[in-house]
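Trainee: Residue numbers (my numbering), protein chains in the order written: chain A, 346 to 460; chain B, 14 to 129.
Positions of the beta carbon are idealized from the N, C-alpha and C atoms, including for glycine.
These numbers come from a predicted model, not from an experiment.
Sharing a structure below in structure tokens format, with a few things to ask.
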């Protein structure tokens with residue numbers, strides 16, 4: 346079946362502009378995660394969704410970052426007033442929710458470059 | 014808070030030779046452990062995971078890892094590597110906290126370069 350998809354695959358933007366990154370999880374997966382992969386910070390957790398709610402937003406680096414999920418499916422990560430330090434690969438992962446830690450399935454990522 | 018340390022940032026290895034990637038973790042509570050692989054320009058793919066039970070875990074592509082609680086380690090091994098194993102490997106941990114899901118804490122990654 347289809348895996349996790351993300352769009353766009355690449356995004357180049359100018360400093361100060363807003364960007365939206367999209368994630369389509371695997372159908373039926375109730376849990377959705379956003380991570381960021383950058384040269385300086387490695388792979389770091391941003392936010393976790395269970396259904397449409399976000400019980401853990403602890404990884405969002407500033408109030409310029411926000412995310413939503415609608416219909417228990419698609420999620421959008423928005424970065425307002427982008428800065429050069431936001432340049433990174435943004436990865437989305439989804440998993441089913443069952444007792445115990447489930448495997449997270451990752452998308453290919455969106456590579457963001459802020460000029 | 015938990016943390017993960019991958020002791021080697023790069024590991025060059027010849028084809029058909031064995032490889033070991035080291036991973037140590039720190040946590041005040043029990044964790045679950047994972048190894049993921051990332052091929053160039055791709056997302057992460059699960060190699061194997063340890064949840065409980067036997068401390069020797071076998072994964073895909075001939076990889077295995079051993080959980081050592083006393084040494085807080087979860088080293089990854091493969092007895093004979095192929096060129097196609099060239100990739101970056103990430104060790105990760107998660108706590109089972111229902112309200113927080115299973116967010117992963119990753120190590121810094123180990124880049125494996127298999128030489129012919």
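1. Just the Cα atoms here: how many angstroms apart are residue 379/A and residue 116/B?
2. Compute the beta-carbon to beta-carbon distance between residue 17/B and residue 105/B, rounded to the nearest angstrom, for a pair I have assumed lies under 8 angstroms.
3. Tell me, please, whether the segment 87-95 of chain B touches the segment 27-35 of chain B by the rule of three or more beta-carbon pairs shorter than 8 angstroms.
4. Taking CB distances under 8 angstroms as the criterion, tell me whether residue 435/A reaches chain B.
5. With 8 angstroms set as the bound, which would you pick, yes or no: does the beta-carbon of residue 417/A sit closer than that to a beta-carbon of chain B?
6. With a threshold of 8 angstroms between beta-carbons, can residue 38/B be considered close to chain A, or not?
7. Answer with yes or no whether the minimum CB distance from residue 376/A to chain B is below 8 angstroms.
8. Rounded to whole angstroms, what's the CA-CA distance from residue 418/A to residue 352/A? Just pull it up for me.
9. Excluding the 5 residues flanking residue 76/B on each side, which residues of the same chain have their C-beta closer than 8 angstroms to its C-beta?
10. Is residue 37/B near the ligand GTP, in the sense that its beta carbon is under 7 angstroms from a heavy atom of that ligand?
11. From 390/A, 409/A, 414/A, 391/A, pick the residue whose C-alpha is nearest to that of residue 398/A; which is it?
12. Assign residue 371/A to one of three DSSP states: helix, strand, or coil.
13. Using a Cβ-Cβ cut-off of 8 angstroms, state whether residue 390/A counts as contacting chain B.
14. With residue 387/A as the anchor, note down where its beta strand (DSSP E) starts and where it stops.
15. Distance cutoff 8 angstroms, beta carbons only. Does residue 68/B sit that close to anything in chain A?
16. Taking Cβ positions only, does residue 119/B come closer than 8 angstroms to chain A?
17. To the nearest angstrom, report how far apart residue 119/B and residue 41/B are at their CA atoms.
18. When DSSP labels each residue in this structure, what does residue 114/B get in the three-state scheme?
Mentor: With the given structure in hand:
1. Taking the first residue of the first chain as position 1, residue 379/A is located at position 34. Taking the first residue of the second chain as position 1, residue 116/B is located at position 103. Rounded to whole angstroms, residue 379/A to residue 116/B spans 9 angstroms at the Cα level.
2. For the purposes of this step, residue 17/B is taken as the residue at position 4 of the second chain. For the purposes of this step, residue 105/B is taken as the residue at position 92 of the second chain. Indeed they touch by this definition, with Cβ atoms about 6 angstroms apart.
3. By the Cβ rule, the segment 87-95 of chain B counts as touching the segment 27-35 of chain B, because three or more pairs are nearer than 8 angstroms.
4. The residue labelled residue 435/A in the question sits at position 90 within the first chain. No, no contact with chain B.
5. Walking along the first chain from the start, residue 417/A turns up at place 72. No, no contact with chain B.
6. For this step, residue 38/B is matched to residue 25 along the second chain. Not closer than 8 angstroms to any Cβ of chain A, the Cβ of residue 38/B fails to qualify, so no.
7. Your numbering for residue 376/A matches position 31 in the first chain. Yes, because at least one Cβ of chain B sits closer than 8 angstroms to the Cβ of residue 376/A.
8. As a first step, residue 418/A must be located in the first chain, where it is residue number 73. As a first step, residue 352/A must be located in the first chain, where it is residue number 7. Here the alpha carbons of residue 352/A and residue 418/A stand approximately 14 angstroms from one another.
9. Start at 1 with the first residue of the second chain, and residue 76/B comes out as number 63. Shown here for residue 76/B: same chain residues with a beta carbon closer than 8 angstroms to its own, the five before and five after excluded, namely 48, 60, 61, 89, 90, 91 in chain order.
10. This structure lacks the ligand GTP, and indeed carries no ligand of any kind.
11. Taking the first residue of the first chain as position 1, residue 398/A is located at position 53. Of the candidates 390/A, 409/A, 414/A, 391/A, the one whose C-alpha sits nearest the C-alpha of residue 398/A is 414/A.
12. Position 26 of the first chain, counted from the first residue, corresponds to residue 371/A. Under the three-state reduction of DSSP output, residue 371/A falls in the coil class, being neither helix nor strand.
13. What you label residue 390/A is simply residue 45 of the first chain in a count that begins at 1. When Cβ-Cβ separations below 8 angstroms define contact, residue 390/A makes contact with chain B.
14. Within the first chain, residue 387/A is the residue found at index 42, counting from 1. In the DSSP assignment, residue 387/A falls within the beta strand (DSSP E) that extends over 387-395.
15. In the second chain, counting from the first residue as 1, residue 68/B sits at position 55. Cβ-Cβ to chain A under 8 angstroms: no for residue 68/B.
16. For this step, residue 119/B is matched to residue 106 along the second chain. It does; some Cβ of chain A falls within 8 angstroms.
17. For the purposes of this step, residue 119/B is identified with residue 106 of the second chain, where counting begins at 1. For the purposes of this step, residue 41/B is identified with residue 28 of the second chain, where counting begins at 1. In this structure, the straight-line span from the alpha carbon of residue 119/B to that of residue 41/B is close to 16 angstroms.
18. Counting from 1 along the second chain, the entry for residue 114/B is found at position 101. Residue 114/B falls in the strand class under three-state DSSP.
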